[in-house]
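Residue numbers for the sequence shown follow UniProt numbering, beginning at 1 and rising by one. Where a beta carbon is used, it is the ideal one built from N, C-alpha and C, also for glycine. Below is one structure, written out as structure tokens; comments come after it.
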Amino acid sequence: MNIDSIRERLPDTAKDIRLNLGNVSRSEHLSERQLWGTLVATALAVRCPELAAAIDAEAAEHLSEADLQLAKSVATTMAMNNVYYRFVHLLGKPEYSQLPARLRMQALGGPEEGKLDRELWALAVSAVNGCGMCVQAHEAVLAAGGVSSLQIQDAVRIAATVSAAATALTSCAASPSTN
1 MNIDSIRERL
11 PDTAKDIRLN
21 LGNVSRSEHL
31 SERQLWGTLV
41 ATALAVRCPE
51 LAAAIDAEAA
61 EHLSEADLQL
71 AKSVATTMAM
81 NNVYYRFVHL
91 LGKPEYSQLP
101 ARLRMQALGG
111 PEEGKLDREL
121 WALAVSAVNG
131 CGMCVQAHEA
141 VLAAGGVSSL
151 QIQDAVRIAA
161 TVSAAATALT
171 SCAASPSTN
């Protein structure tokens, strides 16, 4: 299974998503590692096993096994962080923002080489998970590191499209008459 097979399964009600899913698997602004890492991380974040498997299969042709695993580690770490920091942000009580999170976040650390790619993947997953505090923090690191607005926009477009594809696949499975 690959991205094209997923596109074929999308119902007519998701024609725009079908077209967008074909377009986001290439980018003139992102490196191949950034592009495919973002696809892998967001596919895991949207919790659609079929979509994640298809993207993983295709990403294996573009990413090393270490990068594939790293993108997944970033996605799972952000799943935790996004819940915690969204709570802190939404509650709006200063005492919670002053407390240490005490959550292990090793997937976001590591060597300086690749740091901006990890930040880009974390931003995309944070956009999927709706954590404004994390989106702002990761965008600031990316901008300070010289990542362009076009690169950031491409990562978020990928996140939006992967999220919409998961919604379409899930709704199609729940209600086959949507085809």
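Environment of residue i [buried if 16+ CB atoms lie within 10 Å]
i, result
"Thr161", "buried"
"Glu32", "exposed"
"Thr77", "buried"
"Asp4", "exposed"
"Glu58", "buried"
"Leu91", "exposed"
"Asp117", "buried"
"Asp56", "buried"
"Gln151", "buried"
C-beta atoms of residue i and residue j nearer than 8 Å
i, j, result
"Gly37", "Leu63", "yes"
"Leu108", "Ala122", "yes"
"Asn2", "Ala54", "yes"
"Val141", "Glu119", "yes"
"Val147", "Ala124", "no"
"Ala60", "Leu70", "no"
"Leu10", "Ser25", "no"
"Tyr84", "Ala66", "no"
Cβ separation of residue i and residue j, assumed to be a contact under 8 Å, to the nearest whole Å
i, j, result
"Ile6", "Ala164", "About 12 Å; that fails the 8 Å criterion."
"Leu44", "Ala75", "4 Å"
"Cys48", "Ala166", "4 Å"
From the options, residue whose alpha carbon lies closest to that of residue i
i, options, result
"Asn82", "Gly132, Ser27, Lys72", "Gly132"
"Leu169", "Ala41, Leu51, Ser27", "Leu51"
"Gln106", "Gln151, Asp154, Met80", "Met80"
The ligand ATP heavy atom lying under 7 Å from the CB of residue i
i, result
"Ala144", "This structure lacks the ligand ATP; in fact it carries no ligand of any kind."
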